[in-house]
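Novice: In our numbering, the protein residues as written are 7 to 530. From the three backbone atoms N, C-alpha and C, an ideal C-beta is built for every residue, glycine too. Quantities reported herein were computed from a predicted structural model and do not represent experimental measurements. One structure is given below, represented as structure tokens, and several questions about it will come after.
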């Protein structure tokens, strides 16, 4: 039975992962009489402007998720303009994701893609001066402070794609508020947690064509001189590749206490890849390039120092001894090297990397169309990608190929031993042995990217010894080996997930638009 309750919007917005539940907010207004919308397609075709509010969340996740939903609206038939409201603190992320100049004026129009970008403070002034056009539909996404709230979005309907925590079998809370002119009516869509973001992703070939022919692509190739060599090596099957994106492997923005956790996460990934290289079939003996989509070279230098050190100094917390034992057993000191895609010397490094070696490669940041085309590529020599949040999960689940999750370390999941349950599609695992394996792999305390957090009342204590004591990296490595067998239970699970995603009834954005159209028609 659905619960009916009055709930604080801001209290809901503090959840921190982007597996998103949809809230639709309807602002009662006087609405001019017009013919009702006959369908979602009819609604989208008649819209001139859709307003998008982006959060100031760290990294690129929230901004990329906004881009994803906008792209899907285009895919569904929307041909009008977008108006994107953003916070100046995330200008770098916005410019990277949307492939804009590094600096733009407070009001900037991308004429090619029909998107107007308005800085939040400027938007507020325009809104206060009644210079913001009222439109039928807008939406926001994100786990941090939003660029515009429901009341000042100036839309007749508004969709909140909210961060979601909890078991996917839980019902979505539906909240109805009093219907007066000052307060919106909120409807939490029942079943939205069981649906997916169906996101159009450029192909690998389209991305290469962009890099070769588009002026912005050519400029990016000049900025990253080893990128062409790297892609040629992929095409010629010279090495196997693991692509990584996620805040949970990045050291230099994590803060002092989080830094050893992030170091353990990337070391577990390297150890798992090395185990697969040592224990897997001949095809896995090739060099493995672990490509991280951040400016990662300084982090990589730290990781290399840890691999070669007998004591980790400030990073010497519980688990470091166990991690070093695994590093020594796997001979990572002899096999791991680092490189930067923006360094011309990396061209030679990529051309000469030897079988049995692992290269940790800093990819830097990239615009969304380039990142998506490379990160989601599924050639035979692409091993499972590693993701953290919902944005990359939403693209990877459409490939039908295995991937891994290295989840965030905070809040609800701090010592939750059943983290795996929140992942959409987990119920599709039919093989009982695989289900147990994944439960162990994603155990919050002893699994991949796992740790124990304790608090003595003054500060938190971190302990990542269990994943290393229980050699979780071996489970990770064995699953990498299993991906080489298309008939393995692990491989088949992701085919089943892809099939579930491709069901039109499971399209979360379309599901939201169904309610939007229904509510707009009621206003007429």
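Quick check: the Cα distance between residue 502 and residue 406, rounded to an integer number of angstroms?
Specialist: Looking at the two C-alpha atoms, the distance is approximately 8 Å.
Novice: Per the DSSP calculation, residue 476 is bridged to which residue(s)?
Specialist: DSSP output for residue 476 lists no bridge partner at all.
Novice: Is residue 397 helix, strand or coil by DSSP?
Specialist: Helix at residue 397.
Novice: Please go through the same chain and pick out, in chain order, the residues whose beta-carbon is closer than 6 Å to the beta-carbon of residue 3, but skip the five residues on each side of it.
Specialist: A query on residue 3 cannot be resolved here, the shown segment of the chain reaching from 7 to 530 and no further.
Novice: Is residue 271 near residue 371, with beta carbons less than 8 Å apart?
Specialist: No. Outside cutoff.
Novice: The alpha helix (DSSP H) that contains residue 67, what's its start and end?
Specialist: It spans 67 to 81 - the alpha helix (DSSP H) in which residue 67 sits, taken as one unbroken run.
Novice: Note down the Cα distance separating residue 42 from residue 96, rounded to an integer number of angstroms.
Specialist: Their Cα atoms are separated by approximately 38 Å.
Novice: Residue 113 to residue 122, Cα distance in whole Å?
Specialist: Cα to Cα, the separation comes out at about 7 Å.
Novice: For the region 376 to 392 against the region 438 to 445, are there 3 or more C-beta pairs whose distance is under 8 Å?
Specialist: These segments do not touch.
Novice: Could you check whether the region 350 to 364 touches the region 465 to 474, counting it as contact only if at least three pairs of C-beta atoms, one from each stretch, sit closer than 8 Å?
Specialist: Contact between the region 350 to 364 and the region 465 to 474 is absent, because fewer than three Cβ pairs lie under 8 Å.
Novice: From the DSSP secondary-structure annotation, give me the bridge partner or partners of residue 391.
Specialist: Paired residues: 409.
Novice: Put residue 377 into one of helix, strand or coil per three-state DSSP.
Specialist: It is helical.
Novice: Count the other CB atoms, across all protein chains shown, that sit within 10 Å of the CB of residue 101; report buried if there are 16 or more and exposed otherwise.
Specialist: That one is buried.
Novice: Could you check if residue 108 is buried or exposed, using at least 16 other CB atoms within 10 Å of its CB as the buried criterion?
Specialist: Exposed.
Novice: Since residue 246 sits in a beta bridge, which residues does DSSP pair it with?
Specialist: Partner(s): 294.
Novice: Within a Cβ cutoff of 6 Å, which residues of the same chain sit near residue 483, ignoring the five residues on either side of it in sequence?
Specialist: Closer than 6 Å at Cβ, skipping near neighbours: 278, 281, 282.
Novice: What does the alpha-carbon distance come out to for the pair residue 196 and residue 167?
Specialist: Straight-line Cα distance between these residues: approximately 13 Å.
Novice: Under 8 Å by Cβ, that's how I've got residue 392 and residue 165 pegged, so tell me the actual separation to the nearest angstrom.
Specialist: Their Cβ separation, rounded to whole angstroms, is 30 Å, which puts residue 392 and residue 165 out of contact at 8 Å.
Novice: Count the other CB atoms, across all protein chains shown, that sit within 10 Å of the CB of residue 319; report buried if there are 16 or more and exposed otherwise.
Specialist: Burial call: exposed.
Novice: How is the alpha helix (DSSP H) around residue 500 delimited, first residue to last?
Specialist: First-last of the alpha helix (DSSP H) with residue 500: 495 to 508.
Novice: When you compare only the Cα positions, how much space is there between residue 83 and residue 48?
Specialist: Cα to Cα, residue 83 sits roughly 9 Å from residue 48.
Novice: State the beta-bridge partners of residue 87 as determined by DSSP.
Specialist: Answer is 55.
Novice: Using a threshold of 8 Å, state whether the C-beta atoms of residue 54 and residue 86 are closer than that.
Specialist: Contact flag set, yes.
Novice: Let me check one thing: in DSSP terms, what residues is residue 125 bridge-paired to?
Specialist: DSSP output for residue 125 lists 92 as bridge partner(s).
Novice: Could you tell me the alpha carbon to alpha carbon distance between residue 316 and residue 238, rounded to whole angstroms?
Specialist: Looking at the two C-alpha atoms, the distance is approximately 38 Å.
Novice: On the criterion of 16 or more Cβ atoms from any shown chain inside 10 Å, does residue 417 qualify as buried, or is it exposed?
Specialist: Reliability of the predicted coordinates at residue 417 is poor, the pLDDT of 36 falling under 50, and the value obtained from them is presented with this limitation in mind. Per the 10 Å Cβ criterion, exposed.
Novice: Out of curiosity, what's the CA-to-CA distance linking residue 510 and residue 410?
Specialist: About 25 Å.
Novice: Since residue 294 and residue 364 should fall inside the 8 Å C-beta cutoff, what is the C-beta to C-beta distance between them, to a whole number of angstroms?
Specialist: Rounded, the Cβ-Cβ distance is 5 Å, consistent with contact.
Novice: With distance defined between alpha-carbon atoms, name the residue in 326, 479, 137 nearest to residue 276.
Specialist: When only C-alpha atoms are compared, the closest one is 479.
Novice: Of the choices 520, 77, 487, 504, whose alpha-carbon is the least far from that of residue 288?
Specialist: The candidate whose alpha carbon is nearest that of residue 288 is 487.
Novice: From 158, 120, 233, pick the residue whose C-alpha is nearest to that of residue 214; which is it?
Specialist: Nearest option by C-alpha distance: 233.
Novice: As an exercise, report each continuous beta strand (DSSP E) stretch of at least 3 residues that is fully enclosed by the region 288 to 360, in chain order.
Specialist: Qualifying beta strand (DSSP E) stretches, in chain order: 294 to 298, 342 to 346.
Novice: Can you name, in chain order, every residue of its own chain whose Cβ lies under 7 Å from the Cβ of residue 385, other than the five neighbours on each side?
Specialist: Counting only Cβ-Cβ distances below 7 Å, and skipping sequence neighbours, we find 240.
Novice: Keeping to the same chain, check which residues put their C-beta closer than 6 Å to that of residue 412; ignore five residues upstream and five downstream.
Specialist: Taken in chain order, the residues that qualify are 252, 254, 271, 392, 394, 455.
Novice: Which same chain residues end up closer than 8 Å to residue 209 when comparing Cβ atoms and leaving out the 5 residues on each side of it in sequence?
Specialist: Result list for residue 209: 379, in chain order.
Novice: For the alpha helix (DSSP H) containing residue 143, list its first residue and its last residue.
Specialist: Per DSSP, residue 143 belongs to no alpha helix (DSSP H); it is in the beta strand (DSSP E), 141 to 147.
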